[in-house]
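**Student:**
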Amino acid sequence: MAAHPGDAGPRTRSGAAAPTGQDDGCASARPLRADAERNRRRVLAVAMDVFAERGLDAGFDEIARRAGVGVGTVYRRFPRREDLVVALFEDRLQAVIGIGQAAALDPDPWTGLLGFVTGMVELQVSDRGLREVISQTAPLPSAFRESIDRVHAVAGDLLERAQRAGVVRSDVAVSDLVALTGMLTAVAGPDVPELWRRYAALVAAGLRADGAPRAPLPLAPPDPDELDHLMRLACGRRPQP
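Counting with full-length UniProt numbering, you get residues 1 to 241 for the letters of the sequence shown.
This is the structure in structure tokens:
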């Protein structure tokens, strides 16, 4: 691995490079490589948390501060924001696709579709970065295009199967499902983290074809304080303590 400008070896008091043997040089290179990989893993772990909290436009300086490294270290490992976003979220998108593939194995078209929608929301409620990737509300790397298309294709297959079975309205489109998952994640605030499940049941009732059986709504409706909290989240305002 090429040395970085700041990776200088031992020096004498005069500033000249101190002599070192071949064995010492090889031994010192190994810790540098290990440190670099350790820093990379640390940056990725912290960046996942920061993006989950603040979204994809979170600053590299915040990531570096939390990771305990210099911001230059972050840029050396990930020169462009796109590089960091791809490294973090490609696996997350594959997890979404995996949920859809598992749902397709459900013999019941309705529970398969509902399981996919629920699984998508569960992944997004605690991860703002993933929510922005799936909803495409932030500029995305072109490398994600294929994965996003696969997510939509999996959703489309599940939807068409349920429509052919006569359990979902025929006028529902894949774009409706994407929009609905975004709406459901928007009401999942820290004070009411599970309330979205009530609205998921309402959404499910709206998707049902006429005459199909409907399950009762889970949870109680929001009380006045919870409703205020939800509306502030929906409007992009900070909830009151």
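Note that CB positions come from ideal geometry on N, CA and C, so glycine has one too.
These numbers were taken from a predicted model, which means no experiment stands behind them.
Let me confirm a value: Arg-128 is counted as buried when at least 16 other C-beta atoms fall within 10 Å, else exposed. Which label applies?
**Tutor:** Counted from its first residue, the sequence shown places residue 128 at position 128. Counting Cβ neighbours within 10 Å, Arg-128 comes out buried, since at least 16 surround it.
**Student:** Looking at the ligand SAM, does it come within less than 7 Å of Ala-153, judged from the CB to the closest heavy atom?
**Tutor:** Questions concerning the ligand SAM fall outside what the structure shown contains, since it holds no ligand whatsoever.
**Student:** In this structure, how does DSSP classify Val-69 when only helix, strand and coil are distinguished?
**Tutor:** For the purposes of this step, residue 69 is taken as residue 69 along the sequence shown, with counting starting at 1. The answer is coil: DSSP assigns Val-69 none of H, G, I, E or B.
**Student:** Pro-221: which of Pro-139, Ala-212, Ala-201, Leu-207 sits nearest, CA to CA?
**Tutor:** Reading the sequence shown from its first residue, position 221 is the one you call residue 221. Closest by alpha carbon: Ala-201.
**Student:** Per DSSP, Arg-208 forms a beta bridge with which residues?
**Tutor:** Here residue 208 refers to the residue found at position 208 of the sequence shown. Paired residue(s): Val-168.
**Student:** When the Cβ atoms of the stretch 165-177 are set against those of the stretch 90-105, are three or more pairs found closer than 8 Å?
**Tutor:** For the pair of segments examined, the stretch 165-177 was found not to touch the stretch 90-105: the number of CB pairs separated by less than 8 Å stays below three.
**Student:** Answer with buried or exposed for Ser-142, where buried requires no fewer than 16 other C-beta atoms within 10 angstroms of its C-beta.
**Tutor:** The residue given as residue 142 occupies position 142 in the sequence shown. By the C-beta density criterion, Ser-142 is exposed, having fewer than 16 other C-beta atoms within 10 angstroms.
**Student:** Rounded to the nearest angstrom, what separates Arg-33 and Gly-70 at their Cα positions?
**Tutor:** Mapped onto the sequence shown, residue 33 falls at position 33. Mapped onto the sequence shown, residue 70 falls at position 70. Approximately 17 Å between the Cα atoms of the pair.
**Student:** State buried or exposed for Arg-80, treating a residue as buried only when at least 16 other CB atoms are found within 10 Å of its CB.
**Tutor:** The residue given as residue 80 occupies position 80 in the sequence shown. Flag for Arg-80 reads exposed.
**Student:** State buried or exposed for Leu-227, treating a residue as buried only when at least 16 other CB atoms are found within 10 Å of its CB.
**Tutor:** Within the sequence shown, the letter at position 227 stands for residue 227. Leu-227 should be labelled exposed.
**Student:** With burial defined as no fewer than 16 other Cβ atoms inside 10 Å of the residue's Cβ, what is the status of Arg-131: buried or exposed?
**Tutor:** Translated into positions along the sequence shown, residue 131 becomes position 131. Buried, by the Cβ-count rule.
**Student:** Out of Val-117, Glu-82, Val-43, Gly-211, which has the shortest C-alpha to C-alpha gap to Arg-169?
**Tutor:** If you number the sequence shown from 1, residue 169 lands on position 169. It is Gly-211.
**Student:** Can you have a look at Ala-155 and say buried or exposed, based on whether 16 or more other CB atoms are within 10 angstroms of its CB?
**Tutor:** One-based indexing of the sequence shown puts residue 155 at position 155. The residue in question, Ala-155, is buried, as its Cβ has 16 or more Cβ neighbours within 10 Å.
**Student:** Could you tell me the alpha carbon to alpha carbon distance between Gly-189 and Pro-224, rounded to whole angstroms?
**Tutor:** The residue given as residue 189 occupies position 189 in the sequence shown. The residue given as residue 224 occupies position 224 in the sequence shown. When only Cα atoms are considered, Gly-189 and Pro-224 end up about 15 Å apart.
**Student:** Do you know whose CA, among Ala-45, Pro-213, Met-183, lies nearest Thr-118's CA?
**Tutor:** Along the sequence shown, read from residue 1 onward, the residue named residue 118 stands at position 118. When each option's Cα is compared against that of Thr-118, the closest is Met-183.
**Student:** Could you check the C-alpha separation between Leu-140 and Leu-219 for me, to the nearest Å?
**Tutor:** Along the sequence shown, one-based indexing puts residue 140 at 140. Along the sequence shown, one-based indexing puts residue 219 at 219. Leu-140 and Leu-219 have their C-alpha atoms some 36 Å from each other.
**Student:** Pick helix, strand or coil for Gly-112, following the three-state DSSP scheme.
**Tutor:** The residue labelled residue 112 in the question sits at position 112 within the sequence shown. Correct three-state label for Gly-112: helix.
**Student:** Excluding five sequence neighbours on each side, which residues of the same chain lie with their C-beta closer than 6 Å to the C-beta of Val-125?
**Tutor:** Here residue 125 corresponds to residue number 125 of the sequence shown, with the count starting at 1. Excluding residues within five positions, the ones whose Cβ falls inside 6 Å are Thr-185, Ala-188.
**Student:** What's the C-alpha gap between Gly-72 and Gln-136?
**Tutor:** Here residue 72 is taken as the residue at index 72 of the sequence shown, counted from 1. Here residue 136 is taken as the residue at index 136 of the sequence shown, counted from 1. Straight-line Cα distance between these residues: approximately 29 Å.
**Student:** Could you give the C-beta distance for Val-167 and Pro-107, rounded to a whole number, given that I count them as a contact under 8 Å?
**Tutor:** By one-based count along the sequence shown, residue 167 stands at place 167. By one-based count along the sequence shown, residue 107 stands at place 107. In fact, because the Cβ distance is near 13 Å, the residues do not count as touching under 8 Å.
**Student:** Assign Leu-84 to one of two classes, buried (16 or more other C-beta atoms within 10 Å of its C-beta) or exposed (fewer than that).
**Tutor:** Within the sequence shown, numbered from 1, the residue matching residue 84 stands at position 84. Buried, because 16 or more other Cβ atoms sit within 10 Å of the Cβ of Leu-84.
**Student:** Where Ser-147 and Val-46 are concerned, what is the direct C-alpha to C-alpha distance, given to the nearest angstrom?
**Tutor:** Here residue 147 is taken as the residue at index 147 of the sequence shown, counted from 1. Here residue 46 is taken as the residue at index 46 of the sequence shown, counted from 1. Answer to the nearest angstrom: the Cα atoms are 24 Å apart.
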